[in-house]
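S.K.: So the protein lines, in turn, are chains A and B.
Counting in this note's numbering, the first sequence runs from 1 upward without gaps.
Counting in this note's numbering, the second sequence runs from 182 upward without gaps.
Ideal Cβ placement from N, Cα and C applies to all residues, glycine included.
In this text the structure is predicted, and so the values were computed from the model without any measurement.
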Amino acid sequence: MKTDEELIEKIKDGNIAAFEEIITRYKAKIYKIIFSIIRDPQDAEDLVQEVFIKVYNSIRKFRGRSRFYTWLYRITVNVALNYLRKNKKNLEFIDDIGFSLKEREIEEHIYTQEIVKEIFDLANALPKKEKLIFILKFQNGLSNKEISEVLGLSRDSVKANLYHALKKMRKSLREKGFLGD
Amino acid sequence: MDKKEFRDLRFIMSVLDKSRKKDIEVPELENLESEVLRQVEVRELKKEINILRRLEYGLVIGIFLLFVLLFPRGMYDRIKSSYPGTTIASSSIEDVIYEVQREISSYLDEEYELNSLGLENMLLDYEDTY
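1. Could you pull the start and end residues of the alpha helix (DSSP H) that K227(B) belongs to?
2. Just verifying my parser: in three-state terms, what is the DSSP assignment at R74(A)?
3. Between the region 41 to 56 of chain A and chain B, which residues of the former have CB atoms less than 8 Å from a CB of the latter, in chain order?
4. Quick one: grab the DSSP three-state call for N57(A).
5. Establish whether the CB of R170(A) and some CB of chain B are separated by less than 8 Å.
6. Taking the alpha-carbon of E175(A) as reference, which of E149(A), L162(A), E118(A), F138(A) has the nearest alpha-carbon?
7. Rounded to a whole number of angstroms, what is the C-alpha to C-alpha distance between I75(A) and Y26(A)?
8. I'd like the span of the alpha helix (DSSP H) that includes Q139(A), first residue to last.
9. Would you call the region 123 to 133 of chain A in contact with the region 13 to 26 of chain A, where contact means no fewer than 3 C-beta pairs closer than 8 Å?
10. Can you tell me whether DSSP reads R67(A) as helix, strand or coil?
11. Should E50(A) be labelled buried (16 or more other beta-carbon atoms within 10 Å of its own) or exposed?
12. What does a CB cutoff of less than 7 Å around I193(B) pick up in its chain, not counting 5 residues either side in sequence?
13. How should R219(B) be labelled, buried or exposed, when 16 other C-beta atoms within 10 angstroms of its C-beta is the threshold for buried?
14. According to the Cβ coordinates, are R201(B) and Q139(A) closer than 8 Å?
15. So, using beta-carbon positions, are K227(B) and V116(A) closer together than 8 Å?
16. For I193(B), return the contacting residues in chain A, with the cut-off set at a CB-CB distance below 8 Å.
17. In terms of residues, what are the limits of the alpha helix (DSSP H) holding F178(A)?
18. Check each residue of the region 234 to 245 of chain B: if its Cβ is closer than 8 Å to any Cβ of chain A, include it; give the result in chain order.
19. If you check the beta carbons only, do L197(B) and F134(A) fall under 8 Å apart?
20. Touching or not, the region 146 to 157 of chain A and the region 63 to 72 of chain A, by the rule of three or more beta carbon pairs under 8 Å?
21. Buried or exposed, going by whether 16 or more other CB atoms sit within 10 Å of the CB of F248(B)?
22. Measuring CB to CB, does E214(B) end up less than 8 Å from I23(A)?
23. Taking only beta-carbon positions, decide if Y31(A) is within less than 8 Å of chain B.
24. Does the distance from the CB of V207(B) to the CB of I53(A) come in under 8 Å?
25. With distances taken Cα to Cα, identify the nearest neighbour of D46(A) among M169(A), V79(A), L132(A), G14(A).
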C-alpha cells in the first residue's frame, strides 16, 4: 500500500487515480469529524465533497511540513466551522445522549445515566475552543499532538485548555454532589 | 494534582470517551469519488472558460486599440480619394460643419448688405435734408 506522501506526489503530477485512493482512504474519517461538529447527516455528506475539492485545489500548497492527514483534518474542521457560522448554528459536544450503558460498564464503573447526562451537559456548556478540543479528542480519538496540528495551537495550549475544562467540570460535579470522596 | 483530583478527572474522561462509543454511522458514500472528480473537472473547465473569456475580451480591446492607433488621417484621406462618393461617418460630419459654416456666412452677408443698405438710405436722407 502506498503512503499518503507518495500519493500526494502523484496527485501533484496530475494523477487522478491517486486522488481517488486518498478519497477512499479518508472519506469515512472525514465524515465522522464533520458529523461530530455539525450534527446533520445530509449536509455532512455534501461537506465531505467540499473538503476533497478544496484538497485537490490546494494540494500544490501542501509542503509536507506536517503529516498529510493533520493538514486534511485542518481543512475539514475549517469547512465544518464555516458551515456552522453560515447557518448560525452552535457547536455542540453531543446533541443527544440517547445511548444506554451496558451492564458490564455499570459494574466496572459506577456510572448512572444521570451522571453521564450531567457530564455531557457540562461539556456542551464549555467555550467554543475547549468544546472543539473535546470533540476532536473524545469523539474522534485524536491525540493532543494531532489536535495541536489541526487547530494550529501549541501542544501545551491544547493540554492547558483540556486540563482547565476538566477541572471546571470536576468543580461543578463536586458542587452538585455527583462525585464522592 | 493530588490523587483524588487525578481519580475524578480520569472518571470524567472515561465518561466523555463513551461519546465515541456511540458510533457515528457513516453512510455508504458510494459515488463520492466519482462525484468529487466530476466536480473537480467542472471547476477546471469553468476556470479554463474564464481564462478564454478574458483572452477574448483582451483580444477585442486590443483590436479596437490597434484600429484607433493605426488608422491615421492620411489613411482615411487615401481611402476617401480612392473611393469617391463613399460616405464615411466622419466625412458626413465634415459636410455638416461645412454647411453650417456656409449658412452662417451667407446670413452674415445678408445682414451686412441690409446694414449697408440702411446706411446708404440714411446717407441719402441726410443729403436730401441738407
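M.R.: Well, looking at it:
1. 213 to 250
2. helix
3. P41, E45, V48, Q49, F52, I53, Y56
4. helix
5. yes
6. E118(A)
7. 13 Å
8. Per DSSP, Q139(A) belongs to no alpha helix (DSSP H) and is neither H nor E.
9. no
10. coil
11. buried
12. none
13. exposed
14. yes
15. no
16. I119, L166, M169, R170, L173
17. That residue, F178(A), is in no alpha helix (DSSP H); it is neither H nor E in DSSP.
18. none
19. yes
20. yes
21. exposed
22. yes
23. yes
24. no
25. V79(A)
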